[in-house]
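So the protein sequences, as listed, match chains A and B. Heads up: the first sequence begins at 1247 in my numbering, then just goes up one per residue. Heads up: the second sequence begins at 1247 in my numbering, then just goes up one per residue. From the three backbone atoms N, C-alpha and C, an ideal C-beta is built for every residue, glycine too. Structure, as structure tokens:
There are 2 protein chains.
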Amino acid sequence: MPVESPYPLVSIEHALHSILAHCPQFAVTRISLSESQNRVLAEDVLAPAPVPPFPAAAKDGYAVIAADRSRLRTVLGEQTAGQIGNLMVVPGSAVQIMTGAAIPAGADAVIMVEYTTQQGDSVEIETDVTVGDDIRPVGQDIEAGQKVLDKGAILGAAEIGLLAAVGLPTAPVFRQPRVAILSTGDELRDPGDELAPGQIYDSNRFSLAAAVTQAGGVAHPIGIALDSPESLKQALEHAIDTHDAVLTSGGVSMGKLDLLKPLLEAEGTVHFGRVIMKPGKPVTFATVQGKPIFSLPGFPVSALVSFELFVRPALRQMQGDFAWQRPRLQVALAHAISHDAHRTEYQRAMVYVKNGKFLARITGFQGSGRLLSLVGANALLELPPGEGQLPAGAQVTALLLQALGA
Amino acid sequence: MPVESPYPLVSIEHALHSILAHCPQFAVTRISLSESQNRVLAEDVLAPAPVPPFPAAAKDGYAVIAADRSRLRTVLGEQTAGQIGNLMVVPGSAVQIMTGAAIPAGADAVIMVEYTTQQGDSVEIETDVTVGDDIRPVGQDIEAGQKVLDKGAILGAAEIGLLAAVGLPTAPVFRQPRVAILSTGDELRDPGDELAPGQIYDSNRFSLAAAVTQAGGVAHPIGIALDSPESLKQALEHAIDTHDAVLTSGGVSMGKLDLLKPLLEAEGTVHFGRVIMKPGKPVTFATVQGKPIFSLPGFPVSALVSFELFVRPALRQMQGDFAWQRPRLQVALAHAISHDAHRTEYQRAMVYVKNGKFLARITGFQGSGRLLSLVGANALLELPPGEGQLPAGAQVTALLLQALGA
């Protein structure tokens, strides 16, 4: 009898569904605005008060009565931002006013300083205005009680500014998953060490840590486990005790020292152990003590592609991001490409715009070990299985990994 | 005589050119891979050694001689990843081998375990192979001496993995600019405080800090300066002494308390004090002790739009990013829009793809104080000055601020 994996090959959809079902949204926590960048808002935010909270000058100039047609008006004084005087504008008078200052009583318009000439204690007005000119009415930007941000919003510069503008010093956000990252394999050494024959450098620990951070998780690379049941068991149990999720790479194919699946079976539940895809076929998902364990293949590209398809959505969902999918786009192939006959294949590509059309060009040799195929890639092409080549011009689906160059 | 600004209105191109000329690239520093995410690579990186460094098994299975046609072969032993034995494959024999292990002497192909059946000390081979099958030759992924990353590359997951894979524990990157962020204005209070009449919350300090961080700088919000020459002078001098650049907001229009320009004139050189654009006309750029001072308008949208156009390019250039421009894209307006007759106007918009075409829809009322116009915006539309409306379908240029939804 030939050797076969005991794990059925499941579809990508099945695998993702299984993962998302075991990775529920985390609890809500409240953090200061200065820590909130890129976090996911956990509640709708309503403005407690209007912005601006008082009628304010939109320009530097003079607060006047619009219907007043006097050419020369007595300047009663000045109103600067942040101060409230007791000046009262009457016909024939004006108050000098600065941008952002409250409109004094009696005034109903502001005349820009550019249209005035000061003459001693008076000001000459060189233009007509209508009621409300260059006044920002109460609530012009934000009305009291208005919803300003939706639950699920990602907090960037504008969103954080908005929270500050309505007076909120903290933001309700979902807690971030703390993710342990474990490389496995006797052949792995740390960059900077000398390599003995048969050894290679561990790169997954570093690339996956960056990928976890990019996905909004807190990455904790915890080292390299050797290919022994004891070393793996100890590393895994420690990782599970102190983290929300564990990400391993290596040790999941069919070799005698691929010890992860038996260990995960012993400690918890393996939900799937193989997926019909290329690269990433041996990707394995388990839960141990209710916590998700993602066991990715050891080849560097396989690890990052399966991270992208399975781990990133899980980490985004845990943080409360409803939009955990990457944007998908139909693109035309710039050249013919070979692809797998039996499995959906994810090839690394540069998607670009030419003459208003989206084109895609793959990033050279697509070997599972060749990290260079991900350098300069802004998309994964999702190529359904089939015989023969896909011709230039064929329409395929691209998963956008980052902003398009244009 | 009407009041006029003594500063000539300069073009956007002139302003940007002036800024970039005063913001040279920073020095190179070497940091650990785990700190290197999103940093800009300061040197080309060549691989010191090939990857893989030895001929390695691409699959779990048996190392054999391809020309050997024996159906049953004696298993001489096993070769696991990370170990070098002294096994020698001869005709009629095979060595069990694991993915990533070095190919033993004599063997020139690997047969996947799925095509074999173990029979006692022998293995039955059920398929033919040719020389090189499932062997990763030396340098398949990376050749010795090959350039793997270009100076200027932004270090993401794949790039960091690549540095690790070639054995480099550190990355040469450009130093990040440390940016002091100062809000100005007597009317400003911190979020969470009570507002007295005439006061508003400071939002720029928070939104600009997030924008600086997003642009790769190190943001240090240093507080609020009051509208007095002493308060401003003290805050500015302290900021300059301890930072690479200073970002202020407010105090640059034409009011009596717009004290920043006179102070910058006294302390250094003002390169421009007004730009023909909307919003952001009063944006001011100076150097003091050779350090760049960006004085942005106080309205929250004006501050973020002028940050985007002038400060982000400067911060990216300081960090060695040659591609400091945002991608520009021609898009069609989804609806008619009004725009400024005399100044290039930057309106906040959502650019999206429909039926393979790029369309843009603006994000509601475009007031300079309305941060909500930036929420959900992924682009700035660059609208050249002109009378009348731009009709639906008109082609305009969009500056892409983030990844497109599709």
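Which residues of the segment 1488-1512 of chain A have a Cβ closer than 7 Å to any Cβ of chain B? Give them in chain order. Answer in chain order: Ser1499, Met1500, Gly1501, Lys1502, Leu1503.
So B/Met1564 is in the alpha helix (DSSP H); what residue range does that whole segment cover? B/Met1564: member of the alpha helix (DSSP H) spanning 1558-1564, first to last residue.
Please identify, using Cβ separations under 9 Å, the residues of the segment 1603-1621 of chain B that lie next to chain A, in order along the chain. Lys1603, Phe1604, Phe1611, Gly1613, Ser1614, Gly1615, Arg1616, Leu1617, Leu1618, Ser1619, Leu1620, Val1621
Counterpart residues of A/Met1358 in DSSP-defined beta bridges: A/Gly1307
Alpha-carbon to alpha-carbon, A/Asp1436 and A/Ala1644: 34 Å
Could you tell me whether the Cβ atoms of A/Ala1348 and A/Phe1300 are closer together than 8 Å? yes
At 3 residues or longer, what runs of the beta strand (DSSP E) sit wholly inside the segment 1274-1341 of chain A? 1274-1278, 1307-1310, 1318-1325
Excluding five sequence neighbours on each side, which residues of the same chain lie with their C-beta closer than 8 Å to the C-beta of B/Thr1362? Correct list, in chain order: Gly1307, Tyr1308, Val1369, Glu1370, Ile1371, Glu1372.
Expressed to the nearest angstrom, what Euclidean distance is found between the alpha-carbon atoms of B/Leu1414 and A/Asp1448? Distance between the alpha carbons of B/Leu1414 and A/Asp1448 is about 11 Å.
For B/Leu1482, does the count of other Cβ atoms within 10 angstroms reach 16, so buried, or fall short, so exposed? buried
Integer-rounded CB distance, given that A/Asp1432 should sit under 8 Å from B/Thr1326: 7 Å
Buried or exposed: which applies to B/Leu1561, given that a residue is buried once 16 or more other Cβ atoms fall within 10 Å of its Cβ? buried
Can you find the residues in the same chain that come closer than 6 Å, C-beta to C-beta, to B/Ala1426, ignoring five residues on each side of it along the sequence? His1466, Ile1468, Ala1485, His1489, Val1492
Supposed close pair A/Gln1565, A/Gly1462 - CB separation, criterion 8 Å: 5 Å
Validate contact between the segment 1332-1345 of chain B and the segment 1317-1324 of chain B using beta carbons, cut 8 Å, 3 pairs: yes
Could you pull out every unbroken beta strand (DSSP E) segment of at least 3 residues lying fully inside the segment 1469-1503 of chain B, listed in chain order? 1491-1495
Which residues, in order along the segment 1441-1467 of chain B, keep a beta-carbon less than 8 Å from a beta-carbon of chain A? Under the 8 Å Cβ criterion, the segment 1441-1467 of chain B contributes Leu1441, Ala1442, Pro1443, Gly1444, Gln1445, Ile1446, Tyr1447, Asp1448, Ser1449, Asn1450, Arg1451, Phe1452, Ser1453, Leu1454, Ala1455, Ala1456, Ala1457, Thr1459, Gln1460, Pro1467.
Proximal residues of chain A, C-beta to C-beta of B/Ala1340 below 8 Å: Here the premise fails: no neighbours, minimum Cβ distance about 14 Å.
Could you work out which residue in B/Ala1304, B/Pro1298, B/Lys1507, B/Asn1624 is closest to B/Asp1379 when comparing CA atoms only? B/Ala1304
Under the rule that 16 or more other beta-carbon atoms within 10 Å means buried, what is A/Asn1332, buried or exposed? exposed
Return no unless some Cβ of chain A is closer than 8 Å to the Cβ of B/Met1344. yes
First and last residue of the alpha helix (DSSP H) that includes B/Arg1451? 1450-1460
Taking only beta-carbon positions, decide if A/Ala1652 is within less than 8 Å of chain B. Here A/Ala1652 scores only 43 on pLDDT, less than 50, and its place in the model is too uncertain to base an answer on.
Strictly by DSSP, which residues pair up with B/Thr1590? B/Met1523
Return no unless some Cβ of chain B is closer than 8 Å to the Cβ of A/Pro1383. no
Any beta carbon from chain A within less than 8 Å of B/Thr1326's own beta carbon? yes
Exposure label - A/Phe1611; buried when at least 16 CB within 10 Å: exposed
Under the rule that 16 or more other beta-carbon atoms within 10 Å means buried, what is A/Gln1641, buried or exposed? Under this definition A/Gln1641 is an exposed residue.
Which chain B residues sit within Cβ distance under 8 Å of A/Pro1415? At a beta-carbon threshold of 8 Å, the residues of chain B lying near A/Pro1415 are Asp1436, Pro1437, Gly1438, ordered along the chain.
Using a Cβ-Cβ distance cut-off of 8 Å, determine whether B/Gly1216 contacts chain A. Because chain B spans 1247 through 1652 in this model, residue 1216 of chain B falls outside it and cannot be assessed.
Report the CB separation of B/Phe1568 from B/Gly1398 in whole angstroms; it is logged as a contact under 8 Å. 5 Å
B/Gly1519 and B/Asn1450 - do their beta-carbons sit closer together than 8 Å? no
Alpha-carbon to alpha-carbon, B/Val1297 and B/Ile1381: Across the structure, B/Ile1381 and B/Val1297 are spaced so that their CA atoms are roughly 13 Å apart.
Check for me: the alpha helix (DSSP H) holding A/Pro1508 runs from which residue to which? 1506-1513
Endpoints, the beta strand (DSSP E) within which A/Ile1539 is located: 1537-1542
What three-state label does DSSP hand B/Pro1418 in the structure shown? strand
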